[in-house]
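The structure appears right after this line, and notes come after that.
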Amino acid sequence: MRAPAGPRPRGPPPAQRTQPPARATAPPRRMRSPPGARSDAPSIPHAVTPATAPAVVRVDLGARSYPISIGAGVLDDLASYAGHVGKRALIVTNDVVGPLYLERVTAALKSAGVAVDSVTLPDGEAHKDLATLNLIFDAALAGRHGRDTTLVALGGGVVGDMAGFAAAAYQRGVPFVQVPTTLMAAVDSSVGGKTGVNHHAGKNMIGAFHQPNAVICDVAALDTLPDRELASGLSEVVKYGLIRDAPLFDWLEAGGAAAILARDRAALTHAIRESCVNKAAVVAADEREGGVRATLNLGHTFGHAVETAQGYGTFLHGEAVSVGTAMAADLSCRLGWIDAGVRDRAVGLLRACRLPVTVPSGMTPTQFRDLMAVDKKVQDGVVRLVLLKGPLGGCVVTGDYDPAALDATLGAFCGRK
Ligand SMILES: NC(=O)c1ccc[n+]([C@@H]2O[C@H](COP(=O)([O-])OP(=O)(O)OC[C@H]3O[C@@H](n4cnc5c(N)ncnc54)[C@H](O)[C@@H]3O)[C@@H](O)[C@H]2O)c1
Ligand SMILES: [Zn+2]
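Under the working numbering, the first residue of the sequence shown carries the number 1445, and numbering increases by one thereafter.
Structure representation (structure tokens):
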């Protein structure tokens, strides 16, 4: 079915046109740091005292505005939590992150005068479900936590999404704080208030919007993150570059991505801060995804199909998004909305980030269509997609594309093994 004909805008509509990222802090110098060597990370990281004041990016949402503090050692700093956590806290973590950082976050909160409990969930996307969510409610009720309790999400996007959803629902809503420990969570999932769990029929299908009180992002905590997880988070940084921040894309391409993979802390801090500036600006403009926020889903409609088809946890979220981004770039190019140079740069940078750009074997166009049909962006039966348009850094969210081009993209990717 062809989407209704009409004059195609030559570029993205104004609300979705690339804007210079709104700066919540002084604009950072666009640096091109050379790849740095990774120092040998201890298996259990020691506390790091912040050498310099953390960078702070604000998410501007009126009364619900909050700061994102980014720096090495902020996780141990009671000042990070002060004013954002009440008298009681329930830390939600998992059995991988807990042994690494729970003691330190507990100590920081206690030194800030907070009574602390914790609950440890099983690790992994496969456990991002209602059954595991219930463990948080069990712990909150067993500890007689009331509405004066703050949930503290200590972990990656899975823990953050689940703790946030638990905070949205527990006693009809309690405050929560995000302490992201993956690059994915630092650059994306901890900011913006989207929370939830998966259903076997679809990813993130059950959830709520619930903004955190603060995001405390300790760059040093990424030292223990496996390489594959680091690369996974990079796909969302590439996303900001493609949809609205061409200078960020240029920086990644010119050595920023390589520096991050080499765990250069300055490069990591830069990428996190720039990503948070982008995400904060988009969320402030459109908290509930009525418009421009949907652009953050570049590659996600295809990617969610990959994640669902493979079983949650087989493909990491960022890996699936990378495949989806390559597909979105391919489709945009087939539609004539970007030139082949932009497509090739997108795919080239994803590859340089050591991310997959091909569909897993066995997936078929029909399977993609079926899985994409349950996407949250489907309107009146039409799958709306985020597609690149115009020069690098521009995109649109639309159902008005030639379906034959989508068929061609699905055919090309599913045939290419
Ligand atoms: N809410 C949003 O806006 C949003 C945005 C993007 C992604 N997400 C969600 O985020 C999830 C993916 O998040 P993720 O990539 O962080 O995955 P994750 O939370 O599963 O973390 C990845 C792995 O790294 C481990 N880990 C975390 N921190 C570590 C550390 N510092 N050292 C060593 N190991 C560590 C985790 O235990 C896990 O095994 C998906 O469920 C996705 O849907 C949500
Ligand atoms: Zn994502």
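Here a beta-carbon is modelled for each residue, glycine too, at the ideal position from N, C-alpha and C.
| Query | Result |
| --- | --- |
| Let me confirm a value: residue 1834 is counted as buried when at least 16 other C-beta atoms fall within 10 Å, else exposed. Which label applies? | buried |
| On the DSSP letters alone, give me the boundaries of the alpha helix (DSSP H) that residue 1577 sits inside. | 1574 to 1586 |
| Check each candidate in 1565, 1826, 1500 and name the one with the smallest Cα separation from residue 1509. | 1500 |
| Could you tell me the boundaries of the alpha helix (DSSP H) in which residue 1510 lies? | Not the alpha helix (DSSP H): residue 1510 falls in the beta strand (DSSP E), residues 1510 to 1515. |
| Roughly how many angstroms separate the alpha carbons of residue 1610 and residue 1778, rounded to a whole number? | 43 Å |
| In whole angstroms, give me the CA-to-CA distance for residue 1857 and residue 1770. | 9 Å |
| Buried or exposed for residue 1571, going by 16 or more other Cβ atoms inside 10 Å? | buried |
| On the three-state DSSP scale, how would you describe residue 1535? | strand |
| So, are the CB atoms of residue 1807 and residue 1749 less than 9 Å apart? | yes |
| Alpha carbon to alpha carbon, what distance is there between residue 1751 and residue 1620? | 28 Å |
| Is DSSP giving residue 1723 helix, strand or coil here? | helix |
| Would you report the Cα separation of residue 1618 and residue 1783, rounded to the nearest angstrom? | 48 Å |
| Sorted by chain position, which residues of the same chain lie with C-beta nearer than 6 Å to residue 1796's C-beta, five sequence neighbours on each side aside? | 1701 |
| To the nearest angstrom, report how far apart residue 1577 and residue 1634 are at their CA atoms. | 17 Å |
| Whole alpha helix (DSSP H) runs in the region 1703 to 1779 with 4 or more residues, listed along the chain? | 1709 to 1729, 1744 to 1754, 1761 to 1778 |
| Which residues in the same chain as residue 1498 place their Cβ atom closer than 6 Å to its Cβ, once the five residues preceding and following it in sequence are excluded? | 1513, 1514, 1515, 1518 |
| List the endpoints of the continuous beta strand (DSSP E) containing residue 1660. | 1658 to 1662 |
| Specify the secondary structure class of residue 1816 as computed by DSSP and reduced to three states. | helix |
| For residue 1686 and residue 1742, which I take to be in contact (beta-carbon distance under 8 Å), what is that distance rounded to the nearest angstrom? | 6 Å |
| Measure from the alpha carbon of residue 1649 to the alpha carbon of each residue in 1640, 1655, 1657, 1656, then state which is nearest. | 1640 |
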